[in-house]
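Novice: If you read the sequence shown in my numbering, its first letter stands for residue 648, the second for the next number, and so on.
Ideal Cβ placement from N, Cα and C applies to all residues, glycine included.
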Amino acid sequence: MPPKLLLIGSALLTKTKLSAICGEEFEVVDLPFSFPADYLDYLGEFSMIIVNHDPGKQEEGLVKLQEVRDCKLHKIQNIPLLLIAATTCREQILDAFQYEFFDFLFWPAADEALLLQRVERHAYKKVREIDPISTKKNKPLTEMLCDWLLGGYQMGIIPAWLHDKNEVSLPENALRVQYFGEFLLYYKGRPLVCELTRKQKILLAYLLYQHPRAVHRDRIIDWLWPDVDGDSARNSLNNAVWHIRQWLDAQGIGGENLLFKDQLYSFHRRLTITSDAAAFTNSLKEAYLKERNNLPEEALHAFHRAFAYYKGQFLEAFCEDSWAARECDRLREQYLPALDKLAQHYSEQTQYQLAVNLSQRLLDIDPLSEASHRRLMFCYSAMGLIDKALQQFEVCKSLLHQRLGAAPSEKTTALLRQIKQCA
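1) Between Gln960, Tyr935, Arg973, which lies nearest to Ala985 when the distance is taken from Cα to Cα?
2) Closest by CA to Ala972, which one among Leu1005, Ile849, Ile920, Ile891?
3) If we ignore side chains and look at the alpha-carbon of each, how far apart do Lys959 and Ala924 end up?
4) In chain order, what residues of the same chain have a beta carbon less than 6 Å from the beta carbon of Leu1063, not counting five sequence neighbours either side?
5) Using the C-alpha atoms, what's the distance from Pro1014 back to Leu728?
6) Report yes if the CB atom of His992 is closer than 9 Å to the CB atom of Leu947, and no otherwise.
7) In terms of residue numbering, what span does the beta strand (DSSP E) encompassing Gln898 cover?
8) Among Arg917, Leu989, His915, Gln1007, which residue has its Cα nearest to the Cα of Glu945?
9) Where does Leu851 land, buried or exposed, given buried means 16+ other C-beta within 10 angstroms?
10) On the CB-based measure, 16 or more other CB atoms within 10 Å of its CB, does Asn699 come out buried or exposed?
11) So, at 8 Å on beta carbons, what are the nonlocal neighbours of Thr921 in its own chain, with the 5 sequence-adjacent residues on each side left out?
12) Under 8 Å, with one C-beta from each stretch per pair, do the stretch 889 to 902 and the stretch 951 to 965 reach the 3-pair mark?
13) From Ala667 to Tyr686, what distance separates their C-alpha atoms?
14) When you compare each of Ser1016, Gln1049, Cys975, Asp869 to Phe827 by their alpha carbons, which one comes out closest?
15) In terms of DSSP beta bridges, what is Asn699 paired with?
16) Along the chain, where does the beta strand (DSSP E) containing Val676 start, and where does it finish?
17) Within the same chain, show all residues whose beta-carbon is closer than 6 Å to that of Leu1005, passing over the 5 residues directly before and after it, in chain order.
18) Look at the Cβ atom of Val888, then the Cβ atom of Leu905, and state whether they are nearer than 9 Å.
19) Bridge partners for Phe961 per DSSP, in chain order?
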């Protein structure tokens, strides 16, 4: 009998299409996203598992993929698990990355560089080496996976090194908060529509961010209603909290989980709250700890995991708010040195494309970082892209002149002369 291939969901790839691609090499079995939980006990019968990710169905594909992955950790360690989608864009890849499907993903950087890196350099070469495929070198299946693959888990290709095997799976009712970029909330795997006023949203974001710590009422009033008299300010706060509780009830989270006791506001400890900001900070701490313990490879992986969470400015829609601005600055001051460290590391290791990606990300935030401009010049030159190296110098020169009225440093101009001499 041919090996079995399990297809979960049919948003992109149907059983008919997959059977036609595989021919007689695989027996294809398909299941809907809603398959019974007890079916997880039979996953060990399959040689490969493919899950369709359909953005139109919210996070259903990702949640099911995580459920299957958690089962794999205990029962089916060696079976390749793949996530595919019709659009292999950066946002989709980052979604997969945050659900811990890291194979094929070295660095979620600029779109073109990431896709080039993921598909042309790694995916096509590596997918053919998965046992179930390598037996007959099924080229159509390989090419299909290259086109649609977002990420994988424990695929027998490279170690799933970003997964913390000691990590406890989150409970089903965990509330997940996105602070980087747009403020978003997810509960039980589904995105929530936050129908609150601007001030109510920033208060909700703040109280969730402080969890499990409690915040004194007066501190909130001084922050959000500094120019309002005492009774009016307290009434405004009470009104905002009432609306937040009503919204929590409507989402099935429970307004009673927002507590007020002894003049302190907090969320109940029974509510599990996770956020990309906390994951970013924890991953950076882990990276520096691994570095101090002389575990450079594990440190690099933790740095990459941290960078995946930093998808934009902290609460970018509230950047004028004093608290959000302070926290944004604090997180950016953690992010930039780490980004610079890894960019320099990859440059020294002659992994120039990775160094370019990281340096470009750094310049997006700090365009006046002359060291980053120099690194790009050096990497482009090392890659044989002399025109791009010279162009990067002109970009640096123009920015310094326009914003600071200054010229590039001697170190930068010396590098320019060296590049021209070697051209």
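Specialist: Put simply:
1) When each option's Cα is compared against that of Ala985, the closest is Tyr935.
2) Checking every option, the nearest Cα to that of Ala972 belongs to Ile849.
3) The sequence shown places Gly at residue 959, rather than the Lys named in the question. Ala924 has its alpha-carbon roughly 11 Å from the corresponding atom of Gly959.
4) Only Phe1040 meet the Cβ criterion.
5) Spanning the two alpha carbons is a distance of roughly 40 Å.
6) Yes; because the gap between Cβ atoms is below 9 Å, this pair is in contact.
7) For Gln898, no beta strand (DSSP E) encloses it, and the DSSP letter there is neither H nor E.
8) Answer by Cα proximity: Leu989.
9) Buried: at least 16 other Cβ atoms inside 10 Å.
10) Counting Cβ neighbours within 10 Å, Asn699 comes out buried, since at least 16 surround it.
11) Excluding sequence neighbours, Thr921 sits near Leu817, Ala821, Leu822, Arg823, Val824.
12) Contact fails: fewer than three Cβ-Cβ distances are below 8 Å.
13) Computed Cα separation, rounded: 25 Å.
14) In terms of Cα proximity to Phe827, the closest of Ser1016, Gln1049, Cys975, Asp869 is Cys975.
15) According to DSSP, which records beta bridges pairwise, Asn699 is partnered with Ile731.
16) Bounds of the beta strand (DSSP E) holding Val676 are 674 to 678.
17) Closer than 6 Å at Cβ, skipping near neighbours: Leu986, Leu989, Ala990.
18) Cβ atoms of Val888 and Leu905: closer than 9 Å.
19) In the DSSP output, where bridge partners are listed per residue, Phe961 has Phe827.
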